[in-house]
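Take 1 as the starting number for the sequence shown in UniProt numbering and just add one per residue. Cβ coordinates follow ideal geometry from the N, Cα and C atoms, glycine included. From a predicted model like this one, the values you see are computed outputs, not experimental measurements. Worksheet for the structure shown next.
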Amino acid sequence: MSDRPSSFVRDWISENIRNDPTFEGDVDARTAKTIEELKNEARKAGLDMTDPELDDDLLWDEVHAAIEMTHDPMAGGIKD
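Shown next as structure tokens:
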């Protein structure tokens, strides 16, 4: 197993999953869409898509946790 897919996933998540104070949708649906985007970028980067670091179950846990950690409806709001 290469370190490259692991680094790619970690870097991609930190660069692309941001707080969205207007997000009121389904976290699971957002997770699925985000994984699709991540995997498309991994393909473009020439990564081996059979690498265990790009396994859907592993990605699901990482992406879902990242989305949950960034979801703060009050973030970015104007403070009284």
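Short CB-CB distance (under 8 Å) between residue i and chain B
i: PRO52; result: This model lacks chain B altogether; it includes just one protein chain.
Euclidean distance between Cα positions of residue i and residue j
i: ARG18; j: VAL63; result: 11 Å
i: ILE13; j: ASP20; result: 14 Å
i: ALA32; j: TRP60; result: 8 Å
i: PRO5; j: PRO52; result: 9 Å
i: GLY46; j: ASP57; result: 21 Å
i: ALA42; j: ASP26; result: 24 Å
i: GLU36; j: LEU54; result: 11 Å
i: THR50; j: THR34; result: 19 Å
Residue i: CB within 7 Å of a non-hydrogen atom of the ligand NAP
i: ASN19; result: As for the ligand NAP, it is missing from this structure, which has no ligand bound.
Sub-8 Å separation of residue i and residue j beta-carbons
i: ARG30; j: ILE67; result: yes
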